[in-house]
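Some notes on the structure that comes next.
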Amino acid sequence: MSTETEPAERRHEADVVDKSSMRVRSMFTSIAGKYDLLNHLLSLNVDRLWRRFTTRTVPPEPGVPVLDCCTGTADLALAYDRASQGRSPVIGTDFCHEMLRLGNGKVKKAGASERIVLVEGDTQRLPLPSDTFGIVTVAFGLRNVSNTVRGIDEMIRVARPGGKVAILEFSRPRGPLLGRLYLAFFRHVLPKVGQAIAPNQHDAYHYLPSSVLQFPDGQAMLDLLTSRGLNETRHYPLTFGIATLYVGTKPVRGVAG
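As numbered in my numbering, residues 10 to 266 make up the sequence shown, in order.
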């Protein structure tokens, strides 16, 4: 909901972005083949380093399962498999069949098919049992979930008590000059470059920056995670704030936060 204290550009973007499940699924189906390349464009080609930072900041434990929600083409799932040296089972979920098809191809190529299982499912209604995973992650996907709070609640539900919830997401650079430059790149350069690389009929390259601009970041995201019941919430701005890693701990029953 917009407030008078929000920047005008954030209010405008939040007004126009459409995150309905049908629209988002259709959009990602249309750009699935170029999705990895688009992530490299959005991140200025440092998204691989951000995933590595995530696995080092929230490291897997041998034998303890990891869940990657909105896994897309399984990049973070694969990163956790590498970080655990194949000793932690990894499940990835996504509601876009075409993204999972491409992800399964990458998992097979990596020789990880026996350790990584990809499941078609909506983050708002995960087809998985409660209190199961030592780490529950999402990378560049939570902002595309139509109901952000419901997605966070589901991630918390399936995490085991004492487990970690880790959210890697694009955010707005805080420096005034860099912020303006990145905003100009988002609004004017990315749509043209993206359309040239992977033409689509779903206005994906205006949706993607809009979805970043309207998504809570920084302290607003920490406050949201705390309000949903996570303890020890913290965040790590990456590459001048272009992305941020948020981490929280699911409380152990009977232990106050």
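Glycine included, every Cβ here is placed at the ideal spot set by N, Cα and C.
Terminal residues of the alpha helix (DSSP H) in which residue i lies
i	result
Ala205	199-206
Glu241	That residue, Glu241, is in no alpha helix (DSSP H); its beta strand (DSSP E) goes 240-247.
Gly188	185-193
Val147	Val147 -> not in any alpha helix (DSSP H); beta strand (DSSP E) instead, spanning 142-148.
Gln228	228-236
Pro225	Unbroken run through Pro225: none, as it is neither H nor E.
Lys118	106-118
Whole-angstrom distance between residue j and residue i, CA atom to CA atom
i	j	result
Gln204	Lys173	37 Å
Ile176	Val256	6 Å
Ala113	Leu135	Checking the sequence, you will find Asn at residue 113 rather than Ala. If you take the alpha carbons of Asn113 and Leu135, they lie about 19 Å apart.
Pro138	Val116	24 Å
Arg96	Asp140	20 Å
Thr242	Ser52	24 Å
Gly266	Asn153	Because the pLDDT at Gly266 is just 47, under 50, the model does not fix this residue reliably, and the point stays unresolved.
Tyr214	Pro200	4 Å
Ser29	Met230	21 Å
Val147	Arg32	20 Å
Thr258	Gly120	31 Å
Tyr89	Arg262	27 Å
Arg91	Thr63	12 Å
Thr14	Gln228	At Thr14, the pLDDT of 36 sits below 50, so the modelled position is not reliable; the number obtained from the coordinates is stated separately. Each residue's Cα considered, the two are about 15 Å apart.
Val126	Tyr191	36 Å
Gly42	Asp84	14 Å
Pro170	Pro260	6 Å
Asn240	Leu109	32 Å
Arg124	Val67	19 Å
Pro208	Ile40	8 Å
Ile142	Ser220	Note that residue 142 corresponds to Phe in the displayed sequence, not to Ile. Whole-angstrom Cα-Cα distance: 28 Å.
Asp45	Val99	20 Å
Val73	Arg181	33 Å
Phe37	Asp212	11 Å
Val202	Val128	32 Å
Continuous beta strand (DSSP E) stretch holding residue i: start and end
i	result
Phe179	168-179
Gly254	Contrary to the premise, residue 254 reads as Leu rather than Gly in this sequence. Here the beta strand (DSSP E) through Leu254 covers 252-258.
Val55	No beta strand (DSSP E) holds Val55; DSSP gives it neither H nor E.
Thr38	Not the beta strand (DSSP E): Thr38 falls in the alpha helix (DSSP H), residues 30-40.
Residues bridged to residue i (per DSSP)
i	result
Ile100	Leu76, Val126
Ala88	Ala88 is not bridged to any residue.
Presumed contact (8 Å Cβ cut-off) between residue i and residue j, rounded CB distance
i	j	result
Glu163	Phe224	At roughly 17 Å, the Cβ-Cβ gap does not stay under 8 Å, so Glu163 and Phe224 are not in contact.
Pro69	Ser35	About 34 Å; that fails the 8 Å criterion.
Arg237	Ile144	That pair is no contact at about 17 Å.
Leu111	Thr132	About 18 Å separates the two Cβ atoms, so there is no contact after all.
Phe149	Asn48	6 Å
Leu222	Ile161	Going by Cβ atoms, the distance from Leu222 to Ile161 rounds to 19 Å, so no, they are not a contact pair.
For the pair the stretch 71-85 and the stretch 97-116, tell me if three or more CB-CB distances fall below 8 Å.
Yes: the two stretches touch, three or more of their Cβ pairs being nearer than 8 Å.
Report yes or no: do the stretch 155-170 and the stretch 182-194 share at least 3 C-beta pairs separated by less than 8 Å?
In short, these stretches do not touch, since the Cβ pair count stays below three.
On the three-pair Cβ rule with 8 Å, is the stretch 239-253 touching the stretch 53-60?
Taking 8 Å as the limit for Cβ pairs, the verdict is that the stretch 53-60 does touch the stretch 239-253.
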